[in-house]
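Peer 1: Chains as they are written, first to last, in UniProt numbering: chain A, 1 to 326; chain B, 1 to 261.
1) Residue 85(B) to residue 292(A), Cα distance in whole Å?
2) Can you pull out the residues from the stretch 133 to 159 of chain A whose beta carbon lies closer than 9 angstroms to at least one beta carbon of chain B?
3) For the ligand ADP, any of its heavy atoms closer than 7 angstroms to the Cβ of residue 245(B)?
4) Could you tell me the alpha carbon to alpha carbon distance between residue 1(A) and residue 30(A), rounded to whole angstroms?
5) Assign residue 9(A) to one of three DSSP states: helix, strand, or coil.
6) When you compare only the Cα positions, how much space is there between residue 72(B) and residue 91(B)?
7) With distance defined between alpha-carbon atoms, name the residue in 58(A), 62(A), 319(A) nearest to residue 81(A).
8) For a cutoff of 8 angstroms on Cβ pairs, would you count residue 270(A) as touching chain E?
9) Name the residue from 274(A), 28(A), 86(A) whose alpha carbon lies nearest to the alpha carbon of residue 52(A).
10) Taking three-plus beta-carbon pairs below 8 angstroms as touching, is the stretch 177 to 190 of chain A in contact with the stretch 128 to 148 of chain A?
11) For the stretch 9 to 66 of chain B, which segments carrying the alpha helix (DSSP H) assignment without a break, of at least 4 residues, lie completely within its bounds, in sequence order?
12) Comparing C-alpha positions only, which one of 32(B), 33(B), 47(B) sits nearest to residue 255(B)?
13) Note down the Cα distance separating residue 107(B) from residue 148(B), rounded to an integer number of angstroms.
14) Flag this pair as touching only if the stretch 73 to 82 of chain B and the stretch 201 to 217 of chain B have three or more C-beta atom pairs under 8 angstroms; answer yes or no.
15) CB-CB under 7 angstroms to residue 123(B), same chain, minus the five flanking residues each way: which ones, in chain order?
16) Inspect the beta-carbon positions of residue 232(A) and residue 26(A) and report whether they are closer than 8 angstroms.
17) Which residue or residues does DSSP assign as beta-bridge partners of residue 107(A)?
18) If you scan the stretch 114 to 145 of chain B from start to end, which runs of the alpha helix (DSSP H) of 4 or more residues do you find wholly inside it?
19) Counting only Cβ pairs nearer than 9 angstroms, list the residues of chain A close to residue 217(B).
20) Say whether chain B places a C-beta atom closer than 8 angstroms to the C-beta of residue 187(A).
21) Grab me the residues of residue 75(B)'s own chain with a C-beta within less than 6 angstroms of its C-beta, minus the 5 sequence neighbours each way, in chain order.
22) Applying the criterion that 16 or more other CB atoms from any shown protein chain within 10 Å of the CB defines a buried residue, is residue 302(A) buried or exposed?
23) If we define contact as Cβ-Cβ less than 8 angstroms, is residue 255(A) a contact residue for chain B?
24) State the DSSP-derived secondary structure class of residue 1(A), mapped to helix, strand or coil.
25) Are the C-beta atoms of residue 233(A) and some chain B residue less than 8 angstroms apart?
26) Any residues in the stretch 176 to 204 of chain A with a beta carbon nearer than 9 angstroms to a beta carbon of chain B? Which ones, in chain order?
27) I want to see whether chain B comes within less than 8 angstroms of residue 265(A), judged by CB atoms only; does it?
28) So residue 214(A) contacts chain B; which residues on that side make the cut at Cβ distance below 7 angstroms?
29) Would you please verify whether the beta carbon of residue 275(A) is less than 8 angstroms from any beta carbon of chain B?
30) Residues of chain B with CB under 8 angstroms from residue 49(A), in chain order?
31) Can you name the residues of chain B whose CB is closer than 9 angstroms to the CB of residue 43(A)?
32) By a C-beta neighbour count over all protein chains shown, 10 Å radius and 16 as the cutoff for buried, is residue 43(A) buried or exposed?
33) Using a C-beta cutoff of 8 angstroms, does residue 222(B) count as contacting chain A?
34) Starting from the beta carbon of residue 240(B), find every residue of chain A whose beta carbon is closer than 9 angstroms, and list them in chain order.
35) Would you kindly work out how many angstroms separate the C-alpha atoms of residue 17(A) and residue 30(B), rounded to a whole number?
36) If you drop the 5 nearest sequence neighbours on each side, which residues of the same chain put their C-beta closer than 8 angstroms to that of residue 64(A)?
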């Protein structure tokens, strides 16, 4: 059995607010293996991006890890010092954000920005760095490298900017890339191109990818496994096709039912009543209780255990009898 | 037989790209390059295509936020460009637009009540009491209530903000609304609520929609007819069913193959 690239174990994240302490993430456990793409889906405010921030060690000032651990390549992430982080971040562990314009410096040329990664993390000479950058650009499908070297971010289209950001993320040959909604700001055709780029990167670099999105179509295209998050908890996870064809958790089912498509034309779409509870509104029971179409008595008071079906796990009282308990 | 509401003939919008020296020949960006189509009363007409294909420009031309370089827009048979200033102001009540990001279309320093009162006051529709009644009624129509009147945009969720933007669009009881990526920034669950709301309002007010989106799933669900735009031109137009089943133009083929693979 290969060792996981990243193993997160029973992670709790707490926000320290003037009103008190609130759990933002609770009992998050998952693994990402080399060459695997794992997706996270859920509505806004469910903790998707916070999970990414926890892994990257960029939690906001008023949040902290109160339980659990994260092991990345045999290193305990939450015990690392700033100087270890600097070596790791941007090199072995990289992140891609939704809006490429905000992750690029508008007053530096593209060449300078991308080669800076190598300047920081390698001992390559200036000439070697340029060669390496151009080689990476070729791999991510950026044309005319000489012109691009001198270009500024505003001169590029959205798709090209995202390719530049991806080039920066892969140039250090990271073991894990975290991509937070990397295709949301792009139109369909560019989105499709960027998704196939991610697929070819995986083949080229053999890395693991954590892919955050609220778009199930994108998740289905790119991910091997997917985790569904709700109100700071992982409520269901499994292989992507299996999970989307046979969702078990009422929340997953509701989300999938709400997706519009051609066959639902003329019908009303299914909607989930209410909203995701805010940090302060979360209670001890199942967080989906208020909105759940299948709620039962015990759901209000007790958060359900996680039940396993083959490679799919679900945290819901409905499966108390059927699944393997753990 | 459905009546045509808006008829567009050979509509063009060019942006000047002249650089510096006056003797150099002017070059243009042809954002919209000669499109013609008809919107019928009560239909949802989808406009799809990649960024830069001219979808949003078309939407803005139809409500005259920008003026065309060439071509005509007929609203119920009347040429919009021949309107006097007074006629144009009256006509602006009939056409509205909703944008993708309600946070940037709502004034952050003004309450919901102010936002909804402004169009009514501007068009001098009734005294304060009747306007207030209409505001409350419109809030109910979009699934909100009086408690939202004193709120500011930052106090609302994304879905609620989009409901307010829709309320501001329907409060003048228009006949035609452009929805420019109006549900694209929302979560699936909220998106479903807003799409249902738009359908309800369409029945209630007999609205005609121009629905601009890059999300083909949403367009296929929502629209009766679809036009595919590519570099400023409409390359294909037809009923949703037909377009889904067989696209004629190579660009539409590649566009639809992405979603229906």
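Where is the CB? At the ideal position from N, CA and C, for every residue including glycine.
Here the structure is a predicted model, which is why all the values come from computation and not from measurement.
Peer 2: This is what the structure holds:
1) 54 angstroms
2) Residues 157, 158, 159.
3) Annotation note on the ligand ADP: not contained in the displayed structure, which lists no ligands.
4) Its pLDDT being 46, under 50, residue 1(A) is placed unreliably by the model, and the measurement read from it follows with that caveat. When rounded, the distance between both Cα atoms is 16 angstroms.
5) strand
6) 16 angstroms
7) 58(A)
8) Judged by its chain identifiers, the structure shown contains no chain E, and its protein chains are A and B.
9) When each option's Cα is compared against that of residue 52(A), the closest is 28(A).
10) no
11) 55 to 62
12) 47(B)
13) Whole-angstrom Cα-Cα distance: 15 angstroms.
14) No contact exists between the stretch 73 to 82 of chain B and the stretch 201 to 217 of chain B.
15) 93, 172
16) yes
17) Answer is none; residue 107(A) lacks a bridge partner.
18) Within the stretch 114 to 145 of chain B, the complete alpha helix (DSSP H) runs of at least 4 residues are 128 to 141.
19) Those within 9 angstroms of residue 217(B) in chain A are 217, 259, 260, 261, 262.
20) yes
21) 6
22) Exposed, by the Cβ-count rule.
23) yes
24) Low confidence applies to residue 1(A): its pLDDT is 46, below 50, so where it sits in the model is not reliable, and the reading given next is rough at best. DSSP places residue 1(A) in coil when its eight states are reduced to three.
25) no
26) 184, 186, 187, 188, 189, 190, 191, 192
27) yes
28) 187, 188
29) yes
30) The premise fails here: residue 49(A) is roughly 13 angstroms from chain B at the closest Cβ pair, so nothing lies under 8 angstroms.
31) 187, 188, 189, 190
32) buried
33) yes
34) 262, 265
35) 53 angstroms
36) 13, 14, 16
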